[in-house]
Amino acid sequence: MWTAPAACPTVAICLGYALLEVAAGAMFGVAWNWMRDRISVPSAIAAASVGFGFGLGIELCQLFLLSGVSQGASVIARGLGIALGYRYAAQLPRLLSFALDWQRRRWWLGAGLVVYLSALLLVNGWFRTRLDTVSEAIARLAAVQWVPFYYFYFVSEQWALKSAVVQVAMYAPAGVLVALAEGSRVGRRASIGWIAAIFGALLALVIETGKLFLGKHPDPTDILLALVASYMAYRLSSFTLNRVVASREDTKVQAVTTVKPARLAAFGPGMVLGIILLLFAAFSLLRYPGNAAWLALGLGVYVLALLRWPCGWLVVLPALLPVLDLGQWTGWLFLDEFDLFVMVTIGVLTLVPPQEHPQRWSGGLKFLWSLWAILAFFAFIRGFLPMEALSADSFWSIHGHTNALRIGRGILWTVFLLLLLRHWSGDRDRDLDLFANGMTLGLAGVCLVVLWERVTFVGWWNFTSDYRTVGALSAVSTAGAQLESFLAAAVPFALLIVLRGRGFHWRAIFLAGLTCSARKVAARLRLIAIAALTLTVAGGLAVIATGTLTRFGHAASDFEARRDHWQSVIALMGTTWVSQAMGRGLGAFPSTFYWNAPPDRRPSLFSFKNEEGETHLRIGVGTGMYLDQIVPVESARHYTVHARIRSAVPGAVLEISLCDKWILYSTECRHVTLPARQPGQWQTASEAIDSSGLGTGAWPFRPTVKLVLQGSPVNAPLDVTDVRLSDTAGHDLVKNGQFALAGTHWFVSGDENPWPWNIFNLFIEVLFEQGWLGLASFVLLLGYSVTRLMVQTWRGDRISSAYLAAIIGFFVPALFDSIIDEPRMRLFLMLLIVLPILTPARDNGGRKFTAASVRTSADLPFGAGPA
1 MWTAPAACPT VAICLGYALL EVAAGAMFGV AWNWMRDRIS VPSAIAAASV
51 GFGFGLGIEL CQLFLLSGVS QGASVIARGL GIALGYRYAA QLPRLLSFAL
101 DWQRRRWWLG AGLVVYLSAL LLVNGWFRTR LDTVSEAIAR LAAVQWVPFY
151 YFYFVSEQWA LKSAVVQVAM YAPAGVLVAL AEGSRVGRRA SIGWIAAIFG
201 ALLALVIETG KLFLGKHPDP TDILLALVAS YMAYRLSSFT LNRVVASRED
251 TKVQAVTTVK PARLAAFGPG MVLGIILLLF AAFSLLRYPG NAAWLALGLG
301 VYVLALLRWP CGWLVVLPAL LPVLDLGQWT GWLFLDEFDL FVMVTIGVLT
351 LVPPQEHPQR WSGGLKFLWS LWAILAFFAF IRGFLPMEAL SADSFWSIHG
401 HTNALRIGRG ILWTVFLLLL LRHWSGDRDR DLDLFANGMT LGLAGVCLVV
451 LWERVTFVGW WNFTSDYRTV GALSAVSTAG AQLESFLAAA VPFALLIVLR
501 GRGFHWRAIF LAGLTCSARK VAARLRLIAI AALTLTVAGG LAVIATGTLT
551 RFGHAASDFE ARRDHWQSVI ALMGTTWVSQ AMGRGLGAFP STFYWNAPPD
601 RRPSLFSFKN EEGETHLRIG VGTGMYLDQI VPVESARHYT VHARIRSAVP
651 GAVLEISLCD KWILYSTECR HVTLPARQPG QWQTASEAID SSGLGTGAWP
701 FRPTVKLVLQ GSPVNAPLDV TDVRLSDTAG HDLVKNGQFA LAGTHWFVSG
751 DENPWPWNIF NLFIEVLFEQ GWLGLASFVL LLGYSVTRLM VQTWRGDRIS
801 SAYLAAIIGF FVPALFDSII DEPRMRLFLM LLIVLPILTP ARDNGGRKFT
851 AASVRTSADL PFGAGPA
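Numbering follows this note's numbering, in which position 30 of the sequence shown is assigned residue number 30; successive positions increment by one, without gaps.
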């Protein structure tokens, strides 16, 4: 009813046609708005109603046409287009004026050209992994008919018209880009129109030639259509820009008046995006499997704080980044609590009016950051396509194309936050101070978590255990080093806050562990910094004292193993030019490694299967992986574990354990096994288990107890469902034991075989995912930032030296471990790189704007102020 199979063979084609129908309806709505004096329309809602009726009439007429295709989605698309066109028609002059301002900034034109060419290649299938040979292309060229519109005679009129419209839509942007590029020059030449036409024709020639190597059918008529489309688009764009320029010249003579800033930003595309993110965050909160009330309360307070202090996210997000991760309780992998705070941040900031004097981006930063973002987007496309059929594993397992969504959200948050920072932040020094304060709060929080973990699972005075503390980040469940990178990057900010105390006595107070200050907030921040550094030193000494020094004896063998692994990773990239240049795509490493790894390094995968309306867990063949859940077990009690299991071969068993366990390592455990005695049949098994010695200790140092599932080492998968842990009263302590909600409340960890999940080098990870082009763009952006920070440090800018030290500290663990496979760490890294090299806003006289010149000190949150 809603989509016709003939019109929607694939999701991409269906979406493309829907967008074309929306665009066509929008043009009709714009014309309708401009004719309001002749055709009275009371409101946009009325226009939308008429638009939906108009679309419904067209689809009803399609039923009586032999070649017509009728579908309900077209009614919605046309009606939506008419409503949008009517609603925003009055905004078109301002939008065109804004576009005219953009064309004066050459990097926007360059970025637009790169995006357009990349999209053109993508639509025409140039990113295939295999190209035909030259001989095959020559043979296909010999069969081409050169008569114009020859192939149009062999298809229906509807198909021919649709094909022509698609070709015009593909090459019209070429003429628009030429018009924008010419707009910065004085005077207009008639020959420019022919340049636009030739540009479009050359693009079509390249695309049609490429079809010879892609197994497609080239059509010379497309070159003629491209020539006409780009020329007409240029003429229309040139005429429109001339009208806009004339209008702007008339308004320049008007006096500039000062108006009171609005409490909310003007309605526009940015606000629409923000509202969508806020609605998605609210929807996610409704489906949150944990204690949603406390999380909703925290988000509500954060929204109010952001409306009062829009720059407050520079404190809150760094402070929450290392500690707000409840993945081992919720089982959510593709969305977590930190993502909700980021979405709320972006949504609220789109509601806040921009600063009168925002920060500026240098030309080099604009170009390099845009290049990095564009290549990262194509890496996401490479990893996400081809789309897979949605299943229970789609948003839980990382061994699929949807894993690109998990990794890509970190890049998406980075792009949104930095673009918003460009508009509403006007003081570089204040922003850097706020971020340093947030990092110090995060450092204090993560050190408290680490010390709690150490005391709870090992003890104060146990110096012989090799237990590795991992903090609160659930990403370390596969032996990553996210905690180490954050600690190394955060310490310079804590030192910065301490050393900014006036006089030598601040250094003495820091060494003595005491602090005082004239302002309470500043003193509190410095005290937190001192406490965080003290906890860091204490935690570091505890880790070293527990036998970490013995790892230096294995340094040579560890490096050899990593070097062999790096060579294997590079070999897995493939040998095609597309894979080498663009990489395998975001999130592609786990699945690529799994299907190409030797059997001894292949992990056992957990997946969910549906049979006759019931979902069960399937434990695959492999080693080193556990599926666990925190359960409210009391010490020295008797419990019963129960499960239904099935295996195709005899000898399979389900191993169930109760363990004192945090994220990665377990200490005390109790084990039972449930055998599958009848191959190919579901059977119920149960076993008694005792919790003696588990979960002992007084609050808050009572360890968490986990129910751990693991398959037996047989060469066949094991199916499991109806997992229960019952106490003596018969109460089931397991959540989602029948796996009806897939992996909700279940958490995957692995401490024996880290190779399938980790590349163990940040640069090789970027190379694998984004290819040599992506690696080059990342290295150039990183080098540009480090160079700028080194120059500023040489000039005596202390805060630049702190950011430079933080970047270096971040990369020290990243050279030999995996960091950015956690999305929030990608966001953190890009903020470290870009935030400190933004250029302060300046007035017409070249004087730098500061927070004091824009707001009073009472308006600054957390006691932040100029350096």
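Heads up, the beta-carbon is just placed ideally off N, CA and C, and yes, glycines get one too.
This structure is a prediction, so every number in the text was calculated from the model and none was measured.
May I have the straight-line CA-CA distance separating residue i from residue j, to the nearest angstrom?
i, j, result
"Asn462", "Ala436", "34 Å"
"Leu368", "Leu804", "19 Å"
"Leu473", "Glu337", "12 Å"
"Leu19", "Ile82", "12 Å"
"Arg526", "Ala119", "For Arg526, the predicted model reports a pLDDT of 42, less than 50, meaning its position is unreliable and no value from the coordinates is stated."
"Met232", "Val115", "21 Å"
"Tyr150", "Leu417", "51 Å"
"Ala531", "Met573", "Any reading at Ala531 is ruled out, since the residue's pLDDT is 47, under 50, leaving its predicted position unreliable."
"His565", "Asp427", "45 Å"
"Ala740", "Ile619", "16 Å"
"His505", "Ala802", "Confidence at His505 is low in this model, with a pLDDT of 41, below 50, so the placement of that residue is unreliable and no value is reported for it."
"Ser785", "Ala24", "44 Å"
"Leu320", "Gly442", "6 Å"
"Thr129", "Val458", "Its pLDDT being 48, under 50, Thr129 is placed unreliably by the model, and nothing is read from it."
"Glu822", "Ala481", "10 Å"
"Thr414", "Leu827", "5 Å"
"Gln254", "Phe239", "With a pLDDT of only 45 at Gln254, under 50, the local geometry of the prediction cannot be trusted, and the value read off the model is given with reservation. Between Gln254 and Phe239, the C-alpha separation is close to 24 Å."
"Ser517", "Val491", "Because Ser517 sits at a pLDDT of 31, beneath the cut-off of 50, its placement in the model cannot be relied upon, and the following sentence gives the value as read from the coordinates. Going from the Cα of Ser517 to the Cα of Val491 covers about 21 Å."
"Ala489", "Gly774", "24 Å"
"Leu709", "Val649", "19 Å"
"Gly187", "Lys366", "Because Gly187 carries a pLDDT of 45, less than 50, the predicted location of this residue cannot be relied on, and no value is offered for it."
"Phe810", "Pro148", "60 Å"
"Ala404", "Ser818", "17 Å"
"Phe552", "Pro386", "Reliability fails at Phe552, whose pLDDT of 48 lies under 50, so the model's placement of it is uncertain and no value is given."
Could you tell me which residues DSSP pairs with residue i in its beta bridges?
i, result
"Met839", "Here residue 839 is Thr; the residue named in the question, Met, does not match the sequence. Note: Thr839 sits in a beta bridge opposite Arg360."
"Tyr626", "Ser749"
"Gln681", "According to DSSP, Gln681 bridges with nothing at all."
"Gln710", "Glu655"
"Thr721", "Arg644"
"Cys447", "None; Cys447 has no bridge partner."
"Lys366", "None, per the DSSP bridge assignment."
"Lys661", "Ser666"
"Asp690", "His638"
"Pro603", "Thr623"
For chain C, is any of its Cβ atoms less than 9 Å away from the one on residue i?
i, result
"Val348", "Considering every chain present, this structure includes no chain C. It has just one protein chain."
What are the boundary residues of the alpha helix (DSSP H) that residue i is part of?
i, result
"Ile619", "Unbroken run through Ile619 is the beta strand (DSSP E), Glu614 to Ile619; no alpha helix (DSSP H)."
"Asn736", "It is not in any alpha helix (DSSP H) - Asn736 carries neither H nor E in the DSSP assignment."
"Asn596", "Phe589 to Asn596"
"Ser801", "Arg798 to Ala814"
"Met343", "Glu337 to Leu349"
"Ala869", "Summary: the structure shown does not reach residue 869, with the chain confined to residues 1 through 867, and so no result is reported for it."
With a Cβ-Cβ cutoff of 9 Å, do residue i and residue j count as a contact?
i, j, result
"Ile469", "Leu483", "The sequence shown places Thr at residue 469, rather than the Ile named in the question. Result yes, Cβ atoms of Thr469 and Leu483 sit closer than 9 Å."
"Ser477", "Ser657", "no"
"Leu273", "Ile346", "yes"
"Leu141", "Leu84", "no"
"His638", "Asp690", "yes"
"Val705", "Val631", "yes"
"Ala196", "Leu225", "no"
"Arg409", "Cys311", "no"
"Gly771", "Gly583", "yes"
"Gly400", "Thr744", "no"
Rounded to the nearest angstrom, how far is the Cβ of residue i from that of residue j, given a contact under 8 Å?
i, j, result
"Arg919", "Ile837", "The structure shown does not extend to residue 919, since the chain is modelled only from 1 through 867, so no value can be given for it."
"Ile764", "Ile570", "7 Å"
"Gly693", "Arg702", "In fact, because the Cβ distance is near 13 Å, the residues do not count as touching under 8 Å."
"Thr721", "Leu617", "7 Å"
"Ser237", "Ala174", "11 Å between Cβ atoms; not a contact."
Following the continuous beta strand (DSSP E) through residue i, name the residue where it begins and the one where it ends.
i, result
"Ala676", "That residue, Ala676, is in no beta strand (DSSP E); it is neither H nor E in DSSP."
"Phe884", "Outside the shown range of the chain, which is 1 to 867, sits residue 884, and nothing can be said about it."
"Lys646", "Reading off the sequence, residue 646 comes out as Arg, not Lys. It spans His638 to Ser647 - the beta strand (DSSP E) in which Arg646 sits, taken as one unbroken run."
"Phe606", "Phe606 to Glu611"
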